[in-house]
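Using the working numbering, the letters of the sequence shown map in sequence onto residues 11 to 95. Yeah, the Cβ is synthetic: ideal placement off N, Cα and C, and Gly gets one too. Here's the structure we're looking at; comments come further down.
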Amino acid sequence: MQVKLDDTRRSDHVAMHYHYFTIEQRNVLAELMRARLAEPGMDTALKRLHAPEFGVCEACGGDIPFVRLQANPRLTHCARCLAER
Numbered sequence: 011m012q013v014k015l016d017d018t019r020r021s022d023h024v025a026m027h028y029h030y031f032t033i034e035q036r037n038v039l040a041e042l043m044r045a046r047l048a049e050p051g052m053d054t055a056l057k058r059l060h061a062p063e064f065g066v067c068e069a070c071g072g073d074i075p076f077v078r079l080q081a082n083p084r085l086t087h088c089a090r091c092l093a094e095r
C-alpha cells in the first residue's frame with residue numbers, strides 16, 4: 011500500500027527536512043553530479059539539489075539517505091517506495 015501525503019502535509023514535511031543535508035554534503039553531491047552531467051537526468055537532479063524537496067521521497071515524504079543519493083543523485087523515491095513500484 012502506497013501512502014501519499016496531501017500537499018499541505020508534504021510541504022510541512024519538506025520544510026521540516028530542508029536542512030537535512032549539510033552544505034558539505036550538498037557540495038559533494040554537486041561535484042558528483044557535474045562529473046556525471048552527460049548521464050540522462052543528471053542535469054535535472056543538479057537543478058533540484060538546492061530545492062527544499064531534494065532528498066525527500068516524492069511518494070511518501072520520507073528521507074532518501076545521503077549514501078543512496080551519492081550512488082544515484084537522480085533518485086526521487088526512497089528504497090521502500092521503489093521496491094513497491
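>> With a threshold of 8 Å on Cβ separation, who are the neighbours of R44 within its own chain once the five nearest residues in sequence on each side are excluded?
In response: Counting from 1 along the sequence shown, the entry for residue 44 is found at position 34. Cβ contact annotation for R44 (same chain, cutoff 8 Å, sequence separation greater than five): L56, in chain order.
Review point. Apart from the five residues on each side of it in sequence, which residues of its chain come closer than 6 Å, Cβ to Cβ, to M52?
Key: Numbered from its first residue, the sequence shown carries residue 52 at position 42. These residues qualify, in order along the chain: M43 and R46.
Fill in: Complete alpha helix (DSSP H) runs within the region 55–81 (minimum length 4 residues, chain order)
Contiguous alpha helix (DSSP H) elements confined to the region 55–81 occur at 76–81, taking only those with 4 or more residues.
Residue of L39, L59, R95 and V77 minimising C-alpha distance to C70:
Indexing the sequence shown from 1 puts residue 70 at position 60. Among L39, L59, R95 and V77, the Cα nearest to that of C70 is on R95.
*Relative to the C-alpha of E68, which residue among V77, C91 and L59 is closest?*
Counted from its first residue, the sequence shown places residue 68 at position 58. The residue with the shortest Cα to Cα distance from E68 is C91.
- Query: Taking the alpha carbon of N37 as the point to measure from, which residue in P83, H87, A93 and A48 has its own alpha carbon closest?
  - Reply: Numbered from its first residue, the sequence shown carries residue 37 at position 27. The shortest Cα separation from N37 among P83, H87, A93 and A48 belongs to P83.
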